[in-house]
Amino acid sequence: MLIEISGVSHTYAGRAQPVVRDLDVRLSEHRVGVIGANGSGKSTFARMLNGLVVPSEGTVSVDGLDTARQGREIRKRVGFCFTDPDSQIVMPTVAEDVAFGLRRRGLSKAEVAARVDATLRARGLDGHADHPAHLLSGGQKQLLALSSILVTEPDLLVMDEPTTLLDLRNTRRVADVVVGLPQQVVLVTHDLDLLVGFDRVLVFDETRLVHDGPPAAAIKHYRELMA
Amino acid sequence: MTGPIGLYLPGRSVLHRLPAGAKLAALVVAGAGSLFVRTPTQTGIAVAVVLLGYAVARVSPRVIWTSFRPLLWVIVPLTVFQVVVVGWEKAMVIVGVIVALVLLANLVTLTTRTTDLVDVVVRVCEPLRVLGINPERVGLMLNLAIRGVPLMVELAGQVREAQLARGHNVSARAFAVPLIVGALRRADELGDALAARGFDD
Ligand SMILES: Nc1ncnc2c1ncn2[C@@H]1O[C@H](COP(=O)(O)OP(=O)(O)OP(=O)(O)O)[C@@H](O)[C@H]1O
Ligand SMILES: [Mg+2]
Numbered sequence: 287m288l289i290e291i292s293g294v295s296h297t298y299a300g301r302a303q304p305v306v307r308d309l310d311v312r313l314s315e316h317r318v319g320v321i322g323a324n325g326s327g328k329s330t331f332a333r334m335l336n337g338l339v340v341p342s343e344g345t346v347s348v349d350g351l352d353t354a355r356q357g358r359e360i361r362k363r364v365g366f367c368f369t370d371p372d373s374q375i376v377m378p379t380v381a382e383d384v385a386f387g388l389r390r391r392g393l394s395k396a397e398v399a400a401r402v403d404a405t406l407r408a409r410g411l412d413g414h415a416d417h418p419a420h421l422l423s424g425g426q427k428q429l430l431a432l433s434s435i436l437v438t439e440p441d442l443l444v445m446d447e448p449t450t451l452l453d454l455r456n457t458r459r460v461a462d463v464v465v466g467l468p469q470q471v472v473l474v475t476h477d478l479d480l481l482v483g484f485d486r487v488l489v490f491d492e493t494r495l496v497h498d499g500p501p502a503a504a505i506k507h508y509r510e511l512m513a
Numbered sequence: 177m178t179g180p181i182g183l184y185l186p187g188r189s190v191l192h193r194l195p196a197g198a199k200l201a202a203l204v205v206a207g208a209g210s211l212f213v214r215t216p217t218q219t220g221i222a223v224a225v226v227l228l229g230y231a232v233a234r235v236s237p238r239v240i241w242t243s244f245r246p247l248l249w250v251i252v253p254l255t256v257f258q259v260v261v262v263g264w265e266k267a268m269v270i271v272g273v274i275v276a277l278v279l280l281a282n283l284v285t286l287t288t289r290t291t292d293l294v295d296v297v298v299r300v301c302e303p304l305r306v307l308g309i310n311p312e313r314v315g316l317m318l319n320l321a322i323r324g325v326p327l328m329v330e331l332a333g334q335v336r337e338a339q340l341a342r343g344h345n346v347s348a349r350a351f352a353v354p355l356i357v358g359a360l361r362r363a364d365e366l367g368d369a370l371a372a373r374g375f376d377d
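Taken in order, these protein sequences are the chains called B and D.
Sequential numbering from 287 applies to the first sequence in the numbering used here.
Sequential numbering from 177 applies to the second sequence in the numbering used here.
Take a look at the structure:
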């Protein structure tokens with residue numbers, strides 16, 4: 287899918303200064319990384335890709351749909367994974383949460399059950415289907431949040447620091463899931479190890495896109511900025 | 177494992193397979209029927225029937241005990257009070273009926289998935305559509321509320337620990353402010369997550 291960002295600046299309501307400025311970029315690569323300092327505008331950028339944030343200037347279009355007018359249509363096709371799984375899991379038990387994304391899709395109960403089952407199995411959560419979600423470990427919760435997004439088969443997955451709260455093993459697990467996905471992925475992260483094999487990495491600094499290129503060069507640029 | 181709100185315990189018993197609507201209806205009928213219980217013998221039978229239900233559902237006595245224990249704070253003083261005021265025989269009936277009903281309600285939640293219970297509520301709320309109330313939203317609200325209980329408990333624990341760590345005595349206000357701020361932040365993030373997952377109308 288082609289993501290087109292043209293002439294975008296964004297100022298949050300009630301704030302004087304824009305948090306993203308003069309952004310023009312087209313993304314169609316399979317794996318795109320986003321790095322940069324705290325507060326540089328990465329999360330705001332990520333939220334623009336599914337219309338959670340509509341820019342105060344300029345346009346964002348995803349596969350030809352305008353996020354300002356067709357946000358709901360876009361969100362059906364763009365999955366979004368947040369940092370804290372506790373804020374993403376909305377249903378009391380594991381299987382119910384995965385099934386939540388499938389309601390109103392006109393699927394029968396049996397079809398829903400089959401898809402939930404297959405998704406949980408693929409993430410190694412099938413033994414926990416009926417467990418209360420709050421009893422899972424942090425890593426399992428994030429895998430559940432991912433399962434709940436992937437069960438709807440989005441074409442694009444946007445992730446905002448999905449591993450920040452996880453230990454090394456669970457970071458590895460989430461990274462492995464990402465590597466295996468057929469979908470296009472845009473990943474915001476402070477963990478530079480996750481960018482191995484990525485096609486393209488954007489570096490943000492103080493509201494601007496300051497570097498755009500292959501991972502090695504982008505990471506070098508970012509390290510110099512932070513030195 | 178289960179908290180004070182009885183949570184679903186997976187199983188294959190007859191009670192697990194019974195439709196959620198039937199179980200809720202039975203609960204309502206039992207509630208109405210409890211008004212006609214008059215003697216200690218009838219009360220004993222009611223409690224025995226409920227306990228039999230637990231046996232049928234293959235719920236271990238340990239689980240019954242964990243969900244019942246918090247109630248003792250209410251049950252014990254209530255019993256003492258009733259014995260003093262109305263005598264032990266009537267007290268047995270009053271307290272026994274309450275115990276039977278609470279245990280029955282707990283049995284229903286232990287053997288029924290939350291979504292199935294919520295679905296029944298959604299169906300019952302269907303006529304409210306004419307008043308402009310969307311039953312599906314009522315259902316989502318219920319689910320979020322149930323999901324929210326452990327989150328709030330966890331948040332309260334974190335706030336308490338943070339204050340103890342800084343050597344504060346836990347005062348009501350110093351406790352409430354971070355708790356409310358934390359809860360609002362969670363609610364905000366949850367709203368975004370709901371929108372991202374397509375529930376944004
Ligand atoms: N909803 C909001 N309302 C007002 N200001 C906001 C809002 N969200 C973010 N900001 C501000 O916008 C700026 C950019 O924030 P953003 O979250 O996009 O940065 P980030 O690069 O994701 O940072 P981090 O690495 O810390 O996650 C910050 O100054 C932040 O305070
Ligand atoms: Mg961020």
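Don't be surprised by glycine CBs; every beta carbon is placed ideally from N, CA and C.
Fair warning: this is a prediction, and the values are worked out from it, not measured in the lab.
Cut-off 6 Å between Cβ atoms - residues of its own chain near residue i, not counting five sequence neighbours on either side
i, result
"aspartate 292(D)", "Ala196"
"glutamate 359(B)", "Leu351"
"alanine 513(B)", "none"
"methionine 177(D)", "Per-residue confidence for methionine 177(D) stands at a pLDDT of 40, beneath the threshold of 50, marking its modelled position as unreliable; no derived number is given."
"valine 294(B)", "Leu309, Pro341 and Gly344"
"proline 371(B)", "Lys427, Gln428 and Ala431"
"phenylalanine 375(D)", "none"
"isoleucine 321(B)", "Val489 and Tyr508"
"aspartate 403(B)", "none"
"arginine 235(B)", "Since the first and last residues shown for chain B are 287 and 513, residue 235(B) lies out of range."
"proline 501(B)", "Leu481, Phe484 and Val487"
"glutamate 290(B)", "Arg312 and Ser347"
"glycine 357(B)", "Gly337"
Where residue i meets chain B, residues with beta-carbon distance less than 9 Å
i, result
"proline 186(D)", "Ala415, Asp416 and His417"
"threonine 255(D)", "Result: empty, since nearest Cβ-Cβ is about 32 Å, beyond 9 Å."
"threonine 215(D)", "Within chain B, no residue comes near threonine 215(D); the closest Cβ sits about 40 Å away, beyond 9 Å."
Chain-ordered chain D contacts of residue i [CB-CB under 9 Å]
i, result
"asparagine 324(B)", "Those do not exist, as asparagine 324(B) stays about 17 Å from chain D at its closest Cβ, beyond 9 Å."
"valine 376(B)", "Leu316, Asn319, Leu320, Arg323, Leu366, Ala369, Leu370, Arg373 and Phe375"
"arginine 363(B)", "Result: empty, since nearest Cβ-Cβ is about 10 Å, beyond 9 Å."
"asparagine 336(B)", "Ala371 and Ala372"
Partner residues on chain D for residue i, Cβ-Cβ distance less than 7 Å
i, result
"aspartate 372(B)", "Leu327"
"glutamate 315(B)", "Per Cβ cutoff of 7 Å: no residues; glutamate 315(B) is ~22 Å from chain D at best."
"glutamate 510(B)", "Correct list: empty, because the minimum Cβ distance to chain D is about 33 Å."
"glutamate 359(B)", "Correct list: empty, because the minimum Cβ distance to chain D is about 10 Å."
Own chain partners of residue i with C-beta closer than 7 Å, once the 5 adjacent residues on each side are dropped
i, result
"alanine 281(D)", "Leu203"
"phenylalanine 368(B)", "Gln374 and Asp446"
"glycine 324(D)", "none"
"proline 216(D)", "Glu265, Met268 and Val269"
"glutamine 469(B)", "Pro440, Asp441, Leu442 and Leu443"
"valine 437(B)", "Val384, Gly387, Leu388, Arg401, Val402 and Thr405"
Cβ shell of residue i (< 8 Å), same chain only, five flanking positions each side left out
i, result
"leucine 393(B)", "Arg401"
"leucine 406(B)", "Val380, Ala381, Val384, Asp412, His414, Ala415 and Ser433"
"valine 465(B)", "Gly483"
"threonine 219(D)", "Val213, Met268, Val269, Gly272, Val273 and Ala276"
"valine 460(B)", "Gly425, Gln428, Leu429, Leu432, Pro448, Thr449 and Leu452"
"leucine 331(D)", "Leu355, Gly358, Ala359 and Arg362"
"isoleucine 181(D)", "Low per-residue confidence applies at isoleucine 181(D): pLDDT is 49, beneath 50, and the placement is therefore not dependable, though the value from the model is reported in the following sentence. Excluding sequence neighbours, isoleucine 181(D) sits near Thr285, Ile322 and Val325."
Residue i - partner residues in DSSP beta bridges
i, result
"histidine 497(B)", "Val489(B)"
"serine 292(B)", "Thr345(B)"
Interface partners of residue i on chain B, CB under 8 Å
i, result
"threonine 124(D)", "Residue 124(D) is absent from the structure shown; chain D starts at 177 and stops at 377."
"arginine 362(D)", "Asp372 and Ser373"
"threonine 242(D)", "Near threonine 242(D) there are no residues of chain B at all, since even the closest Cβ is about 14 Å away, more than 8 Å."
Closer than 7 Å at the beta carbon, the chain B residues around residue i
i, result
"threonine 285(D)", "In chain order: nothing, as chain B lies at least about 11 Å away."
"leucine 183(D)", "Pro418"
"threonine 288(D)", "Result: empty, since nearest Cβ-Cβ is about 12 Å, beyond 7 Å."
Residue i: contacting residues in chain D (beta-carbon distance under 8 Å)
i, result
"glycine 424(B)", "By Cβ distance, chain D contributes nothing, its closest Cβ being about 12 Å from glycine 424(B), past 8 Å."
"glycine 387(B)", "Arg373 and Gly374"
"glutamate 492(B)", "Those within 8 Å of glutamate 492(B) in chain D number zero; the least Cβ separation is about 24 Å."
"glutamate 447(B)", "Here the premise fails: no neighbours, minimum Cβ distance about 13 Å."
"phenylalanine 331(B)", "Simply none; closest approach about 15 Å."
"threonine 405(B)", "Near threonine 405(B) there are no residues of chain D at all, since even the closest Cβ is about 14 Å away, more than 8 Å."
Which parts of the stretch 338-369 of chain B are runs of the beta strand (DSSP E), unbroken and 3 residues or longer, counting only runs that do not cross its ends? Fully enclosed beta strand (DSSP E) runs of 3 or longer: 343-348 and 364-367.
Write down every uninterrupted run of the alpha helix (DSSP H) in the stretch 185-244 of chain D whose length is 4 residues or greater and which is fully enclosed by it, in chain order. Uninterrupted alpha helix (DSSP H) stretches at least 4 residues long and entirely within the stretch 185-244 of chain D occur at 190-193, 196-209, 216-232 and 237-244, given in chain order.
What is the chain-ordered set of residues for which the beta carbon lies under 5 Å from any non-hydrogen atom of ligand 1? In chain order, the residues with a C-beta atom nearer than 5 Å to some heavy atom of ligand 1 are Tyr298(B), Val305(B), Asn324(B), Gly325(B), Ser326(B), Gly327(B), Lys328(B), Ser329(B) and Thr330(B).
List, from N- to C-terminal side, the alpha helix (DSSP H) runs of 4 residues or more that fit wholly inside the stretch 437-496 of chain B. Every unbroken stretch of the alpha helix (DSSP H) spanning 4 or more residues and falling wholly within the stretch 437-496 of chain B is given here in chain order: 454-466.
Complete runs of the beta strand (DSSP E) confined to the stretch 377-446 of chain B [at least 3 residues]: If only uninterrupted beta strand (DSSP E) runs of at least 3 residues are considered, those enclosed by the stretch 377-446 of chain B are 442-446.
I'd like the ranges of any beta strand (DSSP E) spanning at least 3 consecutive residues and lying wholly in the stretch 294-328 of chain B. Entirely contained in the stretch 294-328 of chain B, the beta strand (DSSP E) runs reaching 3 residues are, in chain order, 306-313 and 317-322.
Could you name each continuous alpha helix (DSSP H) segment of 4 residues or more that falls completely within the stretch 230-318 of chain D, going from the start of the chain to the end? Inside the stretch 230-318 of chain D, DSSP marks whole alpha helix (DSSP H) runs of 4 or more residues at positions 237-244, 248-262, 264-287 and 290-300, from first to last along the chain.
Runs of beta strand (DSSP E) wholly within the stretch 315-357 of chain D (minimum 3 residues, chain order): Runs of the beta strand (DSSP E) spanning 3 or more residues and lying entirely within the stretch 315-357 of chain D do not occur at all.
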